[in-house]
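Asker: So the protein sequences, as listed, match chains A, B, C, D, E and F. Positions in the first sequence are counted from 1; adding 30 to them yields this note's numbering. Positions in the second sequence are counted from 1; adding 30 to them yields this note's numbering. Positions in the third sequence are counted from 1; adding 30 to them yields this note's numbering. Positions in the fourth sequence are counted from 1; adding 30 to them yields this note's numbering. Positions in the fifth sequence are counted from 1; adding 30 to them yields this note's numbering. Positions in the sixth sequence are counted from 1; adding 30 to them yields this note's numbering. A virtual CB, placed ideally from N, CA and C, is assigned to each residue, including glycine. Here the structure is a predicted model, which is why all the values come from computation and not from measurement.
There are 6 protein chains.
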Amino acid sequence: MSCLLRTARLSARWLFAPTAAPCRRASQFNVPPSAEFVARPVGVCSMLRLPVQTSAEGLDAAFVGVPLDVGTSNRPGARFGPKQIRAESALVRRYNASTGAAPFDSLLVADIGDVNVNLYNLPDSCRRIRESYQKIVASGCVPLTLGGEHTITYPILQAVAEKHGPVGLVHVDAHTDTSDMALGEKIYHGTPFRRCVDEGLLDCSRVVQIGIRGSSYAPDPYKYCWDQGFRVVPAEDCWMKSLVPLMGEVRQQMGDGPVYISFDIDGLDPAYAPGTGTPEIAGLTPMQALEIIRGCKGLNIVGCDLVEVAPIYDVSGNTALLGANLLFEMLCVLPGVKTM
Amino acid sequence: MSCLLRTARLSARWLFAPTAAPCRRASQFNVPPSAEFVARPVGVCSMLRLPVQTSAEGLDAAFVGVPLDVGTSNRPGARFGPKQIRAESALVRRYNASTGAAPFDSLLVADIGDVNVNLYNLPDSCRRIRESYQKIVASGCVPLTLGGEHTITYPILQAVAEKHGPVGLVHVDAHTDTSDMALGEKIYHGTPFRRCVDEGLLDCSRVVQIGIRGSSYAPDPYKYCWDQGFRVVPAEDCWMKSLVPLMGEVRQQMGDGPVYISFDIDGLDPAYAPGTGTPEIAGLTPMQALEIIRGCKGLNIVGCDLVEVAPIYDVSGNTALLGANLLFEMLCVLPGVKTM
Amino acid sequence: MSCLLRTARLSARWLFAPTAAPCRRASQFNVPPSAEFVARPVGVCSMLRLPVQTSAEGLDAAFVGVPLDVGTSNRPGARFGPKQIRAESALVRRYNASTGAAPFDSLLVADIGDVNVNLYNLPDSCRRIRESYQKIVASGCVPLTLGGEHTITYPILQAVAEKHGPVGLVHVDAHTDTSDMALGEKIYHGTPFRRCVDEGLLDCSRVVQIGIRGSSYAPDPYKYCWDQGFRVVPAEDCWMKSLVPLMGEVRQQMGDGPVYISFDIDGLDPAYAPGTGTPEIAGLTPMQALEIIRGCKGLNIVGCDLVEVAPIYDVSGNTALLGANLLFEMLCVLPGVKTM
Amino acid sequence: MSCLLRTARLSARWLFAPTAAPCRRASQFNVPPSAEFVARPVGVCSMLRLPVQTSAEGLDAAFVGVPLDVGTSNRPGARFGPKQIRAESALVRRYNASTGAAPFDSLLVADIGDVNVNLYNLPDSCRRIRESYQKIVASGCVPLTLGGEHTITYPILQAVAEKHGPVGLVHVDAHTDTSDMALGEKIYHGTPFRRCVDEGLLDCSRVVQIGIRGSSYAPDPYKYCWDQGFRVVPAEDCWMKSLVPLMGEVRQQMGDGPVYISFDIDGLDPAYAPGTGTPEIAGLTPMQALEIIRGCKGLNIVGCDLVEVAPIYDVSGNTALLGANLLFEMLCVLPGVKTM
Amino acid sequence: MSCLLRTARLSARWLFAPTAAPCRRASQFNVPPSAEFVARPVGVCSMLRLPVQTSAEGLDAAFVGVPLDVGTSNRPGARFGPKQIRAESALVRRYNASTGAAPFDSLLVADIGDVNVNLYNLPDSCRRIRESYQKIVASGCVPLTLGGEHTITYPILQAVAEKHGPVGLVHVDAHTDTSDMALGEKIYHGTPFRRCVDEGLLDCSRVVQIGIRGSSYAPDPYKYCWDQGFRVVPAEDCWMKSLVPLMGEVRQQMGDGPVYISFDIDGLDPAYAPGTGTPEIAGLTPMQALEIIRGCKGLNIVGCDLVEVAPIYDVSGNTALLGANLLFEMLCVLPGVKTM
Amino acid sequence: MSCLLRTARLSARWLFAPTAAPCRRASQFNVPPSAEFVARPVGVCSMLRLPVQTSAEGLDAAFVGVPLDVGTSNRPGARFGPKQIRAESALVRRYNASTGAAPFDSLLVADIGDVNVNLYNLPDSCRRIRESYQKIVASGCVPLTLGGEHTITYPILQAVAEKHGPVGLVHVDAHTDTSDMALGEKIYHGTPFRRCVDEGLLDCSRVVQIGIRGSSYAPDPYKYCWDQGFRVVPAEDCWMKSLVPLMGEVRQQMGDGPVYISFDIDGLDPAYAPGTGTPEIAGLTPMQALEIIRGCKGLNIVGCDLVEVAPIYDVSGNTALLGANLLFEMLCVLPGVKTM
């Protein structure tokens, strides 16, 4: 029985909610319902309107929300990023028309809800995130994270590196996020990758940071990164250029080892992503974002995140929609995803 | 094992999603998670963050979304009412501090998702809604509906009256919604109660319409209502007054028969509910809304709806928050709800 | 041939624009098209979707826009007030259901467009407004003005008083607008009524200012008004009260002489009218606004304005909708308007 | 007597409304008033503040609004597209400084109002649109349509092809809009061009679709288009490129036959056009939009539309402003438009 | 030399910034510049455009900002409360026209900037606030605080009670803020008054909480407050009533001892104060807020705060304007303020 | 004592306000506080949170606000540009990471507040601006102006040319701003450079206008500019191109003479700068803006402005943030700024 028919049967029952999972019993995979059968505004909004479950057991990949924003240095609001990304994801369909990727014909994917963060204690939130992700990665599932601000990547990488060893990193951002401290604190959204280096979670020769720009506190802003062996690709080097050649080099740099993709939406220009906390002018374009993510196809990706969507600063919802699309594109380059 | 402990255990697991339903196995009831244990931004957003299921079987009451807005005569957007009401409902807690009602100690309640409406065909949407509600009411469950625009009350009442016979109606609104047709159509959000009368779904002597106001197409705007025996309470009669005495009379009028509450958010003044499609100035206050709903305690309520929240016209989210609170208050006056 | 039929015929022709004026040939009056025959979003938006003409000749009353905001001391934007009031007026219908007034069965009314103000020169704008209104009032037509900020009432009253002699004034506002100068200038939105007194345009014993409040530059803020013999009714004297008794006194005060109504939307509380330039907390309610305007029935009204709607500060459009309704209510109390 | 002088005379009369048409009596053409003589906020807002009339008789080209949005699959609001495009069009001036086009020195153009759509019945709306456009094209006038969502192009093309035979199509969009059905319906904004093919309204070898992108329901998203012989130009093929060469090929493809331009604002990237219902990331730029439209100069254009502006999702008004400019550019490439 | 003259001289110099303090040399007091001499948009925006200094030395009262929001349980953003309250305060003038209070003829007042909070560590922020306020109160200056969320009142009261002993409290709020913990933490915006009781900072028999409402986590929501001897005045007891009688009782209750006023903007209905993090429906009105604050005249007030303004949720700026006015009213009831 | 230490000491004192100027006593320069020591939301918001003073005496460069918008032809609001640019400037840091410029290690810079403009009289505002700038430039200080609409550049250049003689001009804008008059007035935001030519303030052979585009009132829109000898670079010539080569030519053109940079934010595409009054589609990018400004390094710059930010049309604040960054970049190319 084809999934379209089964989805049609679902619509024949009229009532729709993400736990329905009508395709799961008859098929090995979950499939986002088509708007040709289930109207877009319909449903308790999970990511891509996929079934919701609370464990990663048995999944190949899982969308996870981390609604934290108390490590933000400027505008808060990323705590509502996961909620809004899920809401806007209703516009994304099951196939990648550009690359031919068919992730839902290849992997078992679900939305496994949110980490129950501690809004009043950043270090404790980090512990909660780390412990949650330890379970997720232990089950063999690849986490695709809906942030939340960038602090969260630190405890996620603690869990990921615990399983996979030090990882390569494709990091898209306006900022290197390698400060040492601010306001006397070691943990906030400006320090995650410094903390990762401190704890040996990164394979530093396999780190690339793309889209970096903006004014700086220090006269030598990239010294720390260079000292670790990171490749820093400033936004200036990307202006008005295809990044396909760069990604060829990045694939070279990453090799066969485990790779994590951390995508800060502020890597993009604020014109495309106004809903974020620390925007910097003259950033990347969505075209370049797609080139970067699609250029990761073939890598041994063990986890991904999309962070820093602060929806209240973009009432159109389009920053969250952009985030939802980029998460879908990350899913499309996971190992094992077939092409049509 | 107390539910607080169980909820605490949930937070110990960190990952939160509405299907988790951690209280259901150990208790007979579902309970909205407390923000003291699960942070408010956390979770795939169901109504009051209750468990989601796709059938009303076994439930005493159920929240159902009907994301329809194509019967709107002015500003559209109520299709996203259910989504936003669910999102904002995270601020509502389990007990009614004012009335002492403890609905989650009394009834088994869940969110059963949305009716899969047909956005391109209003009559077919009505059929889908009617069929969905026939199943809900057949199971003995009381539906609390998150609208959507007011057209939806017509097919809901078809289903409700099929089970309970003609119902009494407590109708809060700026408009009587008893037009006969518009643009050549019999079905849109100006006609639901005319259609209900046509089909004998209302016990016309037990209908009260509260908050009615605004300019009119005809010189005798309430003639139809009066001809049917409805009681019309214009907003002017409510200005700067407690509605407690009115509700005494309404309870009298409703007697023991089945009663349906249909609450159009535009019954309230646009200052309180800017996010709606056909606002009228000089309306009711939230205080009066609470007096009306709380004044229904003791009635034989067989269904409720809260309609016409169009979130995009209120970027603060507060219209949806108001809707979420009013739905909670309706739940609190359902038959069988205990007081603390 | 009834107007409904004629309107229906219009819809049979499908194409709708305010110049169509399909009722004008067959009837003596213009009638706003009913949303039962012409959908609300339809039409080049004139006030109440009435026919547009560029002269007041032959009209009993006319809506006129004065899109000026360069006399604003705080937030600008009232230049777009007329545009937005017209847009939102599509929600207002032809009969006043509360009072029974049937203005479009009584008077010939049209929208006569906007005064072509000089945005770069306030005194020259005043001259242009005065000259435009001289022609309007010369024709015997009563102008109902869509502001624009309050400066405009000064040149309007120059024209009105030239015809009618010094007028009585029902002035609803948060501010008395009787400053002498600011930033060295005699003309801005804080001085119109001082200028009117200077030029003898007001019958000072027949002036009432309602809703006055807010902090003041001087320790004796109402001295000037009292010295002229104005009645000042502070907002404090209106709180939580019906203004029906006050309006009885006002009708007494106004007697049979010509009366002008000048309604600054900031007379209302910012909760109801957020879209305005100099909001003051704790103002009047829309209910009280209706009581004031309806309380003017029977007076010899020779002109009205609704000023200070700055739409960009209220993206819901509801401040403009409020303004449209209040203008409709003013129309309903003009001399000669029949009751159903 | 020069038009500038006549416009000046207009300003001397101060009162401005689009029916004034002061240039029409003295000249053969209508001209948008210059902001040097009539301030931008002034006037009942017609398209480019041109005169409004309700028939296309005698016009070379006409702006027509179709305020329909009930065929929208995601965010509604395009029903207010015509209203907002007209409002923002006050910023557009009479000459095309880039191309030298002088449309108002060449053609008689007016705004002929809106089609009175049926908001509650999509097929009936289509009938109303078709019948309205049959009259417009019968008179020899070229319609330039202000949408409204994309469903409307189907009945427009029924009328256009009835007169001109199957037309070539320059279609700019993120989506091919060639689905067969959704939610059981054949008519909604995802199907117009499929319906056109079904009815033989298109000369399929002369169809080009530019800017196509986004995820898809089917693994072979362009199969239908290719099967018909359409040329599909995905957005990916346009990234960071001038489209001047493409348009050379398109002119070749279109030849001398009648051509219709259908421009969905979501063809552009959401950064430029946030106010639309189904945005897709990584779209075209306004520069490319201008290259496309200007590249149509010389074609036998028989009609144009600009659809899917949903203003409430862009409170700046800039999406509507973009739409107004693109409509002006389409006017500039109509046959018969002279160059300065 | 009168201050008006001196302000005029200032304007003669044209350049305006809050450090100018032109009145300070010639007078003993600071005075907000009048908009009759300095245009409202002019100036680096300090509170009421008063001079800025960084120490409280020599001041009778000082406005202080505490831009903290990381103790927020729901919507963040109060970190920008002080900035926006200062910006909107440009609309407030020097005299209280309603009460005759002339604070700037009585007290030396300045804006002393913000506490440099630690955004990433709530307990450390509390320490920073406490230490800052210890210096402020040590100098004999009365602090008027621009919040920030309600957590901040706890460290402020540590400093205040250290000097004055346990204080009476006039607390306006939707919530009692006496929870014990949340998410495992003792410090967040739900617990400040519990912590104050724990540390003996309050004279519990002199505590009144006004406007309390909303759903609750526990069946006996006010038990803790009652156990301490607090007076709890639910919003229900305030609906549609003047609070003048209540304040008579409150003055009685407070007696001659030191009193602190803590005003959470969410005590007001969301219609008046949409820009806040945890709105509850059916709250107080601004009229009642004024009655409460003005009713404190005569009390021995040793400090005041206005908290929980989250500006991004109210783009009109009106919630911040309300906050600015309420802070001005608090200044007006400080001991030593003369009446005109 | 290093500035970092001194800033740290500042944070040890917790209280932060721009007059604190903690670095001024110990160093010769003012330095923006780092967000690593002073949280971004902290402080009465001066430009870059620099110290505020009211005279330019002793400064090398000064930020000055000119909050004027009454010369705007379309959307007003630029009067709040300086306020919002200052607020958003908290995100900008002290070093230019891209160019290595270290302005705060090179020049003494402060914020000297706003010109006290006359909102009700444009010519008088011009006089006030001129007189203020005469004092600023007399002191040898280079003014960096936060607009305000473009009218202000005319009186600024009066003062600048009085000191430096006719200046070269790098003018970025969508419009040439060389109209002669509008609505009968010689002064508004469409005429500043025409007035400058009239008065001999410009060295016309050293004028370049970049980004010009949009429809025009006249068939030969650039005739006036060309007649004066200006170089006009239309936006079309910039599309999808690096402007580095252009700036080589511009440096050539400017030579060693004094140069003024006037940057109208509407030179950029509305996608990047939605918050402006007269947006034109298809404009420059922020990358190109940086290329232009950075390309001015080496020129003899005697003044700069950034005009036409109208914040209310961009609630994200990002247009103002863009403006703040561009002003920082202008500071970085002033003569005497050292590179790291």
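If you draw a straight line from the C-alpha of Leu187/E to the C-alpha of Asp203/E, how long is it?
Answerer: In the fifth sequence, the residue the question calls residue 187/E occupies position 157. In the fifth sequence, the residue the question calls residue 203/E occupies position 173. The alpha-carbon atoms of Leu187/E and Asp203/E are separated by roughly 17 angstroms.
Asker: Can you tell which of Pro185/D, His205/D, Leu80/D, Tyr302/D has its C-alpha closest to the C-alpha of Gly143/D?
Answerer: Against the fourth sequence, residue 143/D aligns to sequence position 113. Comparing Cα-Cα distances from Gly143/D to each of Pro185/D, His205/D, Leu80/D, Tyr302/D, the minimum goes to Leu80/D.
Asker: Near Ala212/D, which residues of its chain fall below 8 angstroms by C-beta distance, leaving aside the five closest residues on each side in sequence?
Answerer: The residue labelled residue 212/D in the question sits at position 182 within the fourth sequence. Same-chain partners within the cutoff: Ser103, Tyr218, Gly220, Thr221.
Asker: Under 8 angstroms between C-beta atoms, does Asn104/F make it to chain D?
Answerer: As a working mapping, residue 104/F is identified with position 74 in the sixth sequence. By this cut-off, Asn104/F is an interface position.
Asker: Would you say Val82/F reaches chain E, if we count a Cβ-Cβ gap shorter than 8 angstroms as a contact?
Answerer: Here residue 82/F refers to the residue found at position 52 when the sixth sequence is read from its first residue. At least one chain E Cβ lies under 8 angstroms of Val82/F.
Asker: Would you kindly work out how many angstroms separate the C-alpha atoms of Leu336/D and Ala69/D, rounded to a whole number?
Answerer: Numbered from 1 along the fourth sequence, position 306 holds the residue referred to as residue 336/D. Numbered from 1 along the fourth sequence, position 39 holds the residue referred to as residue 69/D. When rounded, the distance between both Cα atoms is 26 angstroms.
Asker: May I ask you to list, following chain order, the residues of the stretch 314-330 of chain B that have a beta carbon less than 7 angstroms from some beta carbon of chain E?
Answerer: Going along the stretch 314-330 of chain B in chain order, one finds Pro316, Met317, Leu320 with a Cβ nearer than 7 angstroms to chain E.
Asker: Hey, Leu152/F and Gly101/F: beta-carbon distance below 8 angstroms or not?
Answerer: Translated into positions along the sixth sequence, residue 152/F becomes position 122. Translated into positions along the sixth sequence, residue 101/F becomes position 71. Cβ atoms of Leu152/F and Gly101/F: closer than 8 angstroms.
Asker: Can you pull the chain A residues whose beta carbon is under 9 angstroms from the beta carbon of Cys75/B, in chain order?
Answerer: Looking up residue 75/B in the second sequence gives position 45. Chain A residues near Cys75/B: Val74, Cys75, Lys113, Arg116, Ala117.
Asker: Let me know the secondary structure DSSP gives Trp222/B once reduced to three states.
Answerer: Locating residue 222/B in the second sequence gives position 192, counting from the first residue. For the sequence presented, residue 222/B should be read as Pro rather than Trp. It is helical.
Asker: For a contact defined as C-beta to C-beta under 7 angstroms, what are the partners of Leu149/D on chain C?
Answerer: Position 119 of the fourth sequence, counted from the first residue, corresponds to residue 149/D. Within chain C, the residues near Leu149/D are Ala69.
Asker: Please state whether DSSP places Thr315/C in a helix, a strand or coil.
Answerer: Translated into positions along the third sequence, residue 315/C becomes position 285. Coil, per DSSP.
Asker: Which of helix, strand or coil does DSSP assign to Pro52/C?
Answerer: Numbered from its first residue, the third sequence carries residue 52/C at position 22. Here Pro52/C scores only 41 on pLDDT, less than 50, and its place in the model should not be relied on; the value that follows carries that caveat. Three-state result, Pro52/C: helix.
Asker: For Gly307/E, which residues in chain A fall below 8 angstroms Cβ to Cβ?
Answerer: In the fifth sequence, residue 307/E corresponds to position 277, counting from 1. Residues of chain A passing the Cβ test: none, with the nearest at roughly 10 angstroms.
Asker: Using a C-beta cutoff of 8 angstroms, does Ala191/E count as contacting chain C?
Answerer: Counting from 1 along the fifth sequence, the entry for residue 191/E is found at position 161. Cβ-Cβ to chain C under 8 angstroms: no for Ala191/E.
Asker: Apply the 10 Å Cβ neighbour rule to Ala168/A and answer buried if 16 or more other Cβ atoms are within range, or exposed otherwise.
Answerer: Your numbering for residue 168/A matches position 138 in the first sequence. Classification for Ala168/A: exposed.
Asker: Compile a chain-ordered list of the residues in the stretch 81-101 of chain E whose CB is closer than 7 angstroms to at least one CB of chain G.
Answerer: The chain labelled as chain G is not found among the protein chains of the depicted structure, namely A, B, C, D, E and F.
Asker: Just to confirm before moving on: does the CB-CB distance between Tyr247/E and Glu118/B stay below 8 angstroms?
Answerer: Here residue 247/E corresponds to residue number 217 of the fifth sequence, with the count starting at 1. Here residue 118/B corresponds to residue number 88 of the second sequence, with the count starting at 1. Going by C-beta atoms, Tyr247/E is not nearer than 8 angstroms to Glu118/B.
Asker: Is Tyr254/E close to chain B, meaning its C-beta is less than 8 angstroms from at least one C-beta of that chain?
Answerer: Stepping through the fifth sequence from its first residue, residue 254/E is reached at position 224. It does not: the Cβ of Tyr254/E has no partner Cβ on chain B nearer than 8 angstroms.
Asker: Using a C-beta cutoff of 8 angstroms, does Phe358/D count as contacting chain F?
Answerer: For the purposes of this step, residue 358/D is identified with residue 328 of the fourth sequence, where counting begins at 1. Cβ-Cβ to chain F under 8 angstroms: yes for Phe358/D.
Asker: Quick one: measure Cβ to Cβ for Ala108/A and Gly177/A, integer angstroms, because I've assumed they're closer than 8 angstroms.
Answerer: Numbered from its first residue, the first sequence carries residue 108/A at position 78. Numbered from its first residue, the first sequence carries residue 177/A at position 147. Yes, Ala108/A and Gly177/A are in contact; Cβ-Cβ is about 6 angstroms, under 8 angstroms.
Asker: By the three-class DSSP mapping on this structure, what secondary structure does Ala30/B have?
Answerer: Outside the shown range of chain B, which is 31 to 370, sits residue 30/B, and nothing can be said about it.
Asker: Comparing alpha-carbon positions, which option in Thr306/E, Leu351/E, Lys327/E, Thr349/E lies nearest Thr369/E?
Answerer: Position 339 of the fifth sequence, counted from the first residue, corresponds to residue 369/E. Ranking the options by Cα distance to Thr369/E, first place goes to Lys327/E.
Asker: Going by DSSP, what residue range makes up the beta strand (DSSP E) through Val167/F?
Answerer: For this step, residue 167/F is matched to residue 137 along the sixth sequence. Here Val167/F belongs to no beta strand (DSSP E); instead the alpha helix (DSSP H) covers 152-168.
Asker: Counting only Cβ pairs nearer than 9 angstroms, list the residues of chain A close to Pro154/E.
Answerer: By 1-based counting over the fifth sequence, the position of residue 154/E is 124. One point to set straight first is that residue 154/E is Asp, not Pro, in the sequence displayed. Those are Leu213, Gly214, Glu215, listed as they occur along chain A.
Asker: From Thr183/E to Leu276/E, what distance separates their C-alpha atoms?
Answerer: As a working mapping, residue 183/E is identified with position 153 in the fifth sequence. As a working mapping, residue 276/E is identified with position 246 in the fifth sequence. Cα-Cα distance, rounded: 24 angstroms.
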